[in-house]
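Worksheet: the structure to be examined is printed underneath.
Protein chains: 2
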Amino acid sequence: MQTHSEENYLKAIWKLVEHSGENVNTNAIAALVHTRAASVTDMMKKLSDKKLISYQPYKGVSLTAKGERVAIEVVRKHRLWEVFLVEQLGYKWDEVHDIAEQLEHIRSSTLTEKLDKFLGFPKVDPHGDLIPDKSGKISKQQQIPLAQLESGNKAIMTGVADHSTLFLRFLDKHKIHLGDTIETKEKTTYDSSMEISVNRKKNIHISNEVAKNILVRKSRS
Amino acid sequence: MQTHSEENYLKAIWKLVEHSGENVNTNAIAALVHTRAASVTDMMKKLSDKKLISYQPYKGVSLTAKGERVAIEVVRKHRLWEVFLVEQLGYKWDEVHDIAEQLEHIRSSTLTEKLDKFLGFPKVDPHGDLIPDKSGKISKQQQIPLAQLESGNKAIMTGVADHSTLFLRFLDKHKIHLGDTIETKEKTTYDSSMEISVNRKKNIHISNEVAKNILVRKSRS
DNA sequence: TTTTATTTTTAGACACCCCTAACTTTATTT
DNA sequence: AAATAAAGTTAGGGGTGTCTAAAAATAAAA
Numbered sequence: 108m109q110t111h112s113e114e115n116y117l118k119a120i121w122k123l124v125e126h127s128g129e130n131v132n133t134n135a136i137a138a139l140v141h142t143r144a145a146s147v148t149d150m151m152k153k154l155s156d157k158k159l160i161s162y163q164p165y166k167g168v169s170l171t172a173k174g175e176r177v178a179i180e181v182v183r184k185h186r187l188w189e190v191f192l193v194e195q196l197g198y199k200w201d202e203v204h205d206i207a208e209q210l211e212h213i214r215s216s217t218l219t220e221k222l223d224k225f226l227g228f229p230k231v232d233p234h235g236d237l238i239p240d241k242s243g244k245i246s247k248q249q250q251i252p253l254a255q256l257e258s259g260n261k262a263i264m265t266g267v268a269d270h271s272t273l274f275l276r277f278l279d280k281h282k283i284h285l286g287d288t289i290e291t292k293e294k295t296t297y298d299s300s301m302e303i304s305v306n307r308k309k310n311i312h313i314s315n316e317v318a319k320n321i322l323v324r325k326s327r328s
Numbered sequence: 108m109q110t111h112s113e114e115n116y117l118k119a120i121w122k123l124v125e126h127s128g129e130n131v132n133t134n135a136i137a138a139l140v141h142t143r144a145a146s147v148t149d150m151m152k153k154l155s156d157k158k159l160i161s162y163q164p165y166k167g168v169s170l171t172a173k174g175e176r177v178a179i180e181v182v183r184k185h186r187l188w189e190v191f192l193v194e195q196l197g198y199k200w201d202e203v204h205d206i207a208e209q210l211e212h213i214r215s216s217t218l219t220e221k222l223d224k225f226l227g228f229p230k231v232d233p234h235g236d237l238i239p240d241k242s243g244k245i246s247k248q249q250q251i252p253l254a255q256l257e258s259g260n261k262a263i264m265t266g267v268a269d270h271s272t273l274f275l276r277f278l279d280k281h282k283i284h285l286g287d288t289i290e291t292k293e294k295t296t297y298d299s300s301m302e303i304s305v306n307r308k309k310n311i312h313i314s315n316e317v318a319k320n321i322l323v324r325k326s327r328s
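Next comes the structure, spelled out in structure tokens:
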């Protein structure tokens with residue numbers, strides 16, 4: 108059994124491993140869990156003692172099978188609760204993160220499965236992130252940042268890299284949503300900003316910062 | 108802002124005041140929050156410093172207006188979540204307490220109201236307990252323990268005093284449910300056990316212990 | 001009313017999780 | 001390779017919430 112804090116660290120490590128594929132460094136974890144490096148080191152010892160991570164001082168950490176199981180379970184709960192909040196309670200996609208951060212720690216041997224069933228076994232959460240199944244399996248998204256899409260190519264928006272309220276509201280404001288067809292019209296070499304069209308209609312000029320945080324799946328056509 | 112632990116203490120005090128009407132003693136609180144008297148004393152100082160209770164050593168405690176507001180909010184959340192678990196997720200009434208104990212501490216300025224609306228503004232939780240409204244108002248139940256009902260009188264079951272899984276399953280097993288009409292047929296003076304009829308049909312013999320934990324509203328007729 | 005029992009509080013300690021400051025190890029420059 | 005910078009760890013400490021054991025206050029009994 109893990110504490111809320113331990114679960115948060117495991118989830119953070121899992122996210123970082125997903126992105127980088129390598130051993131995770133202390134400062135990266137500290138940034139994700141909003142704490143300091145020293146606190147991270149303390150926790151790494153604890154998680155290592157519990158055999159949830161493999162840790163060698165100065166060399167970063169990775170999850171053990173046991174640790175990954177816990178982390179994915181937390182992620183599964185987080186994403187299912189987000190679906191509940193948006194689809195059942197009527198929240199907007201930029202409002203649910205903090206509440207789901209709390210709900211993901213609710214402990215029950217049956218709750219997650221009942222919730223999953225109640226929601227109709229959703230595959231994806233409101234931000235396009237895949238929901239791990241009961242056994243912990245989670246298929247890899249075939250997605251790239253819009254910033255990497257070649258000029259003149261079309262793609263479907265499937266997710267966001269930045270989950271902050273600020274960024275999500277920005278997308279809402281410009282009517283850019285999951286599932287939209289996005290085409291890169293023209294890239295400015297100077298600042299890597301780009302002109303895009305959304306659903307073959309409106310043209311919008313977005314910064315590279317924004318383009319990096321929009322995730323798309325290339326459409327083969 | 109209160110910690111989970113503080114909220115649990117406030118809720119316990121509130122419950123005890125509801126029952127006794129008087130100042131609450133340390134050991135009673137300790138029993139309800141599953142801790143020791145010494146821990147309670149520590150917490151009483153903390154809650155007193157925060158002006159959530161009024162506390163004089165050796166003389167028991169009571170809630171301040173501020174403390175009562177917090178306690179009722181927690182109770183409201185607990186009962187709403189119980190409704191959700193039973194009505195939406197399909198839990199049985201004896202399975203929801205522990206999960207609701209966790210859910211009641213979820214912090215959000217909007218969640219409770221959205222949940223309330225989603226559930227259709229329920230008045231009562233699965234155990235017959237009244238759900239405080241948004242403003243914290245909660246009407247008093249006109250209910251007495253079945254044990255106090257005079258022989259030959261009819262009443263409607265409206266609640267339970269014991270929320271334990273064991274007791275609730277006992278009631279399920281004997282098909283005694285909220286809303287059932289109960290009539291006391293005969294009381295045994297020796298052990299205060301009694302013969303009752305449920306919905307004018309089956310007769311059951313129940314102990315005084317059980318009769319004390321079944322709450323009924325006298326039907327005037 | 002004095003003694004005994006019960007209840008409550010204080011004292012001292014520990015686990016958890018966080019912090020700052022100082023030190024050590026590793027990486028990067030020059 | 002030596003000097004500097006960056007990253008990570010250790011040392012020491014603080015707040016929360018719990019505990020046991022001992023002391024103090026209150027209640028009950030002789």
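Residue numbers (the working numbering), protein chains in the order written: chain A, 108 to 328; chain B, 108 to 328.
Every residue, glycine too, gets a C-beta built ideally from N, C-alpha and C.
* To do: Go ahead and pull the three-state DSSP assignment for His284(A).
  => coil
* Give the interface partners of Lys118(A) over in chain B, defined as CB-CB distance under 9 Å, in chain order. => Under the 9 Å cutoff, chain B gives no residues; its nearest Cβ is about 18 Å from Lys118(A).
* Val203(A) - DSSP class collapsed to helix/strand/coil -> coil
* Asked: Under a three-way DSSP split, which group does Arg186(A) fall into?
  -> helix
* With hydrogens ignored, establish whether the beta-carbon of Leu256(A) is closer than 8 Å to any heavy atom of the ligand ZN. => Summarising the ligand content, the structure contains no ligands, and the ligand ZN is consequently not present.
* Are there three or more Cβ pairs, one per stretch, closer than 8 Å when the stretch 157-177 of chain B is compared with the stretch 284-300 of chain A? -> no
* Where does Phe191(B) land, buried or exposed, given buried means 16+ other C-beta within 10 angstroms? -> buried
* Rank Val181(A), Lys294(A), Pro252(A) and Arg214(A) by C-alpha distance to the C-alpha of Ser242(A) and give the top, closest one. => Val181(A)
* Nearest-angstrom beta carbon gap, Thr272(B) and Asp201(B) [assumed within contact, 8 Å] -> 4 Å
* Taking 8 Å as the threshold, find out whether the stretch 223-231 of chain A comes into contact with the stretch 224-237 of chain B through three or more Cβ pairs. => no
* Collapsed DSSP secondary structure at His270(A) in the structure displayed -> coil
* To do: Output yes if chain A places a C-beta closer than 9 Å to the C-beta of Glu180(B); else output no.
  => no
* **Straight-line gap, Lys93(B) to His204(B) (C-alpha atoms, nearest Å)** => In the structure as shown, chain B starts at 108 and stops at 328, and residue 93(B) therefore has no counterpart that could be examined.
* Asked: Is Ile206(A) closer than 9 Å to Val168(A) when the C-beta atoms are compared?
  -> no
* Could you check where the beta strand (DSSP E) with His312(A) kicks off and where it finishes? -> Asn310 to Ile313
* For chain A, is any of its Cβ atoms less than 9 Å away from the one on Tyr297(B)? -> no
* Evaluate Pro164(B) with the Cβ neighbour count: other Cβ atoms within 10 Å of its Cβ, from every protein chain shown; 16 or more gives buried, anything less gives exposed. => exposed
* Asked: Rounded C-beta distance between Thr288(A) and Arg307(A)? I'm assuming under 8 Å.
  -> 6 Å
* For Glu202(A) and chain B, any beta-carbon pair shorter than 9 Å? -> yes
* Asked: Would you report the Cα separation of Ala145(B) and His111(B), rounded to the nearest angstrom?
  -> 19 Å
* Interface residues of chain B facing Gly197(A) [CB-CB closer than 7 Å] -> Lys221
* Asked: the stretch 208-236 of chain B: which residues have C-beta closer than 7 Å to a C-beta of chain A, in chain order?
  -> Gln209, Leu210, Ile213, Arg214, Ser215, Leu218, Lys221, Leu222 and Phe225
* Residue of Gly197(A), Arg183(A), Lys261(A) and Asp236(A) minimising C-alpha distance to Arg214(A) -> Arg183(A)
* To do: Assuming Gly286(B) and Gly266(B) form a contact by the criterion Cβ under 8 Å, report the distance between their Cβ atoms to the nearest whole angstrom.
  => Rounded, the Cβ-Cβ distance is 11 Å, inconsistent with contact.
* Using a Cβ-Cβ distance under 9 Å, would Ile283(A) count as near chain B? -> no
* What three-state label does DSSP hand Ile136(A) in the structure shown? -> helix
* Using a beta-carbon distance cut-off of less than 8 Å, what residues from the stretch 285-319 of chain B approach chain A? -> none
* Is there a Cβ from chain A that is less than 9 Å from the Cβ of Asp240(B)? -> no
* **Rounded separation between Lys230(B) and Val124(B) - CA only** => 22 Å
* Asked: Does DSSP put Glu129(B) in a helix, in a strand, or in coil?
  -> coil
* Under a CB-based cut-off of 9 Å, is Asp156(B) close to chain A? -> no
* **chain A within 9 Å of Asp279(B), Cβ atoms only** => no
* To do: Determine the closest residue to Lys325(B) out of Ala268(B), Glu129(B), Leu253(B) and Leu196(B), with distance taken between C-alpha atoms.
  => Leu253(B)
* Does the separation of the CB atoms of Asn315(B) and Phe274(B) fall below 9 Å? -> no
* Asked: My guess is that Thr291(B) and Gly259(B) are in contact by the Cβ rule of under 8 Å, so how many angstroms apart are they, rounded?
  -> 7 Å
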